[in-house]
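Everything below concerns the one structure shown next.
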Amino acid sequence: MQPFTKRVIEIIKSIPAGAVMSYGQIAELAGSRRGARQVVRILHTQSSIHQLPWHRVVNAQGEIAIQSEEGNMEQRSRLEEEGIEVSVQGKLDLAKYRFNPAPADIMGAWDNIDPDDVDQML
DNA sequence: CAAATGACTGTGC
DNA sequence: GGCACAGCCATTT
């Protein structure tokens, strides 16, 4: 697994309940400013095996990006359970819920961090 | 190795 | 605000 992929997983796991991050924001923090699509792929392939809080990831407009009806509905309910208000169109207030960790908090010995250890470093 | 694949994004109209 | 378009890039075919 590449460092970038590993970092994306770590970042997603670090999103606290009641907050969200956008695909592009995650990619940028992970070191690839235009890697939003990789975040998508990672969520597709790794969300289950790493138990990622995938529902805390939305697009840059603060909208739920899942296309399938059922997945979209599940994300909405999960977000609402954490106290996030989601509009009828599946949109939320990014200015209010966006999680912006200071880069200094997550930069460091990136490559030596195992995704499973993220919880400990927080 | 070339081509396809995205739960994306910024820009411009 | 919506829509089309062109970049984007790690991974998979």
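Counting from 1, one number per residue, gives the positions in the first sequence under UniProt numbering. Cβ coordinates follow ideal geometry from the N, Cα and C atoms, glycine included.
>> Measuring CB atoms only, is the segment 90 to 99 touching the segment 19 to 26, in the sense that at least three cross pairs come out at less than 8 angstroms?
In response: yes
> Can you name, in chain order, every residue of its own chain whose Cβ lies under 6 angstroms from the Cβ of residue 111, other than the five neighbours on each side?
Replying inline: Residue 111 sits at position 111 when you count from the first residue of the first sequence. Low local confidence applies: a pLDDT of 48 at residue 111 is under 50, so the model's placement there is unreliable, with the coordinate-based value given in what follows. Here the set comprises 3.
> Using the C-alpha atoms, what's the distance from residue 87 back to residue 64?
Replying inline: The residue you call residue 64 lines up with position 64 of the first sequence. The residue you call residue 87 lines up with position 87 of the first sequence. Straight-line Cα distance between these residues: approximately 10 angstroms.
> Considering only residues of the same chain and omitting the five flanking positions on each side of residue 62, which have a CB-CB separation below 6 angstroms?
Replying inline: On the first sequence, residue 62 is found 62 positions in, with the first residue counted as 1. Once the five neighbours on either side are set aside, the close Cβ partners of residue 62 are 91, 92 and 94.
> Which ranges would you report for the alpha helix (DSSP H) in the segment 29 to 79 if only whole runs of at least 4 residues count?
Replying inline: 36 to 46
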